[in-house]
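Enquirer:
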Amino acid sequence: GIDDSNLDDSFSKLAQTRSNP
Amino acid sequence: GTPGLGGGCYVPPKQVWLLAAKAKGLEIAGTFSRRQNQIFMDMTFTNRALTQLSGFAIQLNKNSFGIIPGAQLNVVALNPNQSFDTSLPLSPVGPIQRMDPLTNLQVAIKNNIDVFYFSCIMPIHTLFVEDGVMDKKIYLATWKDISPSNEIQYQISNVTYNTDTISQKLQANNIFTIARRNVEGQDMLYQSLKLTNGIWVLTELKIMPGNTSITLSLKSRAVDVATAIQQSFDLILHN
Numbered sequence: 902g903i904d905d906s907n908l909d910d911s912f913s914k915l916a917q918t919r920s921n922p
Numbered sequence: 013g014t015p016g017l018g019g020g021c022y023v024p025p026k027q028v029w030l031l032a033a034k035a036k037g038l039e040i041a042g043t044f045s046r047r048q049n050q051i052f053m054d055m056t057f058t059n060r061a062l063t064q065l066s067g068f069a070i071q072l073n074k075n076s077f078g079i080i081p082g083a084q085l086n087v088v089a090l091n092p093n094q095s096f097d098t099s100l101p102l103s104p105v106g107p108i109q110r111m112d113p114l115t116n117l118q119v120a121i122k123n124n125i126d127v128f129y130f131s132c133i134m135p136i137h138t139l140f141v142e143d144g145v146m147d148k149k150i151y152l153a154t155w156k157d158i159s160p161s162n163e164i165q166y167q168i169s170n171v172t173y174n175t176d177t178i179s180q181k182l183q184a185n186n187i188f189t190i191a192r193r194n195v196e197g198q199d200m201l202y203q204s205l206k207l208t209n210g211i212w213v214l215t216e217l218k219i220m221p222g223n224t225s226i227t228l229s230l231k232s233r234a235v236d237v238a239t240a241i242q243q244s245f246d247l248i249l250h251n
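Top to bottom, those sequences are chains A and B. In terms of my numbering, the first sequence opens at residue 902 and continues consecutively. In terms of my numbering, the second sequence opens at residue 13 and continues consecutively.
1) I need the straight-line Cα distance from leucine 100/B to glutamine 84/B, nearest angstrom please.
2) So lysine 148/B contacts chain A; which residues on that side make the cut at Cβ distance below 7 angstroms?
3) Would a check of beta-carbon distances place phenylalanine 245/B closer than 7 angstroms to chain A?
4) Is the CB-CB distance between serine 229/B and glutamine 183/B below 7 angstroms?
5) May I have the straight-line CA-CA distance separating phenylalanine 188/B from phenylalanine 77/B, to the nearest angstrom?
6) Determine the contact status of threonine 172/B and proline 104/B, defining contact as a CB-CB distance below 7 angstroms.
7) Based on Cα-Cα distance, which residue from Gly82/B, Ile70/B, Leu90/B and Met53/B lies nearest to threonine 63/B?
8) Please confirm whether valine 145/B has its beta-carbon closer than 7 angstroms to some beta-carbon of chain A.
9) Out of Arg192/B, Gln203/B, Gln50/B and Phe130/B, state which residue places its alpha-carbon closest to the alpha-carbon of glycine 42/B.
10) Beta carbon of threonine 115/B, beta carbon of isoleucine 51/B: below 7 angstroms?
11) Do you know offhand how far asparagine 59/B's Cα is from asparagine 123/B's?
12) By DSSP's criteria, lysine 206/B is part of a beta bridge. Which residues make up the other side?
13) 7 angstroms is my cut-off, CB to CB: does glutamine 165/B come that close to chain A?
14) Is proline 221/B buried or exposed, if buried means 16 or more other CB atoms sit within 10 Å of its CB?
15) Under 7 angstroms, Cβ to Cβ, is there at least one residue of chain A near arginine 233/B?
16) Spell out whether any CB of chain B is found under 7 angstroms from the CB atom of glycine 902/A.
17) In the segment 178-206 of chain B, which residues sit with their C-beta less than 7 angstroms from some C-beta in chain C, listed in chain order?
18) Comparing C-alpha positions only, which one of Asp246/B, Ile108/B and Ser204/B sits nearest to glycine 144/B?
19) So serine 920/A packs on glutamate 196/B, CB below 8 angstroms; how close in whole Å?
20) From this set, Asp112/B, Ala191/B, Ile125/B and Arg192/B, which residue's C-alpha is nearest alanine 32/B's C-alpha?
21) Nearest-angstrom Cα distance between histidine 250/B and asparagine 170/B?
22) If you measure beta-carbon to beta-carbon, which residues of the segment 205-223 of chain B are closer than 8 angstroms to chain A?
23) By the criterion of Cβ-Cβ separation under 7 angstroms, what are the contact partners of tryptophan 29/B in chain A?
24) Looking at the unbroken beta strand (DSSP E) that takes in tyrosine 151/B, where does it start and where does it end?
25) Can you find a C-beta in chain A that's less than 7 angstroms from the C-beta of leucine 152/B?
26) With DSSP collapsed to three states, give me the class of asparagine 907/A.
This is the structure we're talking about:
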C-alpha cells in the first residue's frame, strides 16, 4: 500500500524549504 | 433554487449586462453560479419598453472554455415594467476560441424586436470542478516537475480570516487543501483545483499569524490561467 508517513514527511520537507524566502 | 446554496460557491451580485437604452427597452442583469456540479447564468430580464417583449433566445459566441447553453433559454413574454428571473444551465462542451480576458463571454439575445449583443466575464471559479482533489503523490511530483521559473507569486492583502476559514471558503469553491503544515508559526496550505477543460492548478498559501497579507504561489502547465485564478482567490477571500 501507500506509505502515508513518507508522504507526510515529503510535505513537511516541501513546507520547510518553502517557508524561508 | 437560491444561487450559491448547495455547493456554497461564491456568487457575485448581479450586474447590468444589457442597458435598456441600448436594447430597445430590454434590460438584462446577471451573474454566474455553480451548483450541483453545473454552471448557471442567472439573469433577470426586465421590460422597460412600452410594448410586450417576447420570443427570447440566446446564443453564445465561441469562447476559451467551450461554454455553450445546456438548455433553451426560458423567459416568458414580458409586459411593460415586468421582470423575470431565469437560470440558464451552461455546458463546457462547445467549440473553443481563446478570448481576452480569458473568461470573456460574448452573448447575443434575440426577441420579437431585434437581436442585441453584450459581453460579460465569467468568474473562473465557476469552472472549478468538484473532483479537483489531486492525489498527494502526484501533487508532490508535479510541484517538483514544474520549473520554478513557471511559478507565479501574488500577495493577497487584507485577508482577515484564519487558516481554517480560508481553507473552508476555498473548499466551498472547489479549491481543495490536500496538505497543511506549520513551519515556525507559519501555516502552509497545499491545494489543488481542476478546470472544466482538465487543466490542473497547484497552489500554495503562506499564512502568517497576525499578518493580513498572504502569499499565493501558483504552478500549472498552463500559465495562461494564472491571472484569472489569482483573481478568484482574491474574490473568494474577500467575501
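Quick reminder that beta carbons are idealized off the backbone N, C-alpha and C, glycines included. None of these values were measured; they are calculated from a predicted model.
Expert: Here's the rundown:
1) 8 angstroms
2) Leu908
3) no
4) no
5) 21 angstroms
6) no
7) Leu90/B
8) no
9) Phe130/B
10) no
11) 11 angstroms
12) Trp212/B
13) no
14) exposed
15) no
16) Any reading at glycine 902/A must be qualified, since the residue scores a pLDDT of 45, below 50, and its modelled position is unreliable; the value itself is stated next. Taking Cβ atoms only, chain B never reaches closer than 7 angstroms to glycine 902/A, which makes this a no.
17) Chain labels in this structure do not include chain C; the protein chains are A and B.
18) Ser204/B
19) 7 angstroms
20) Ile125/B
21) 8 angstroms
22) Glu216 and Lys218
23) Under the 7 angstroms cutoff, chain A gives no residues; its nearest Cβ is about 41 angstroms from tryptophan 29/B.
24) No beta strand (DSSP E) contains tyrosine 151/B, which is instead part of the alpha helix (DSSP H) from 148-157.
25) yes
26) helix
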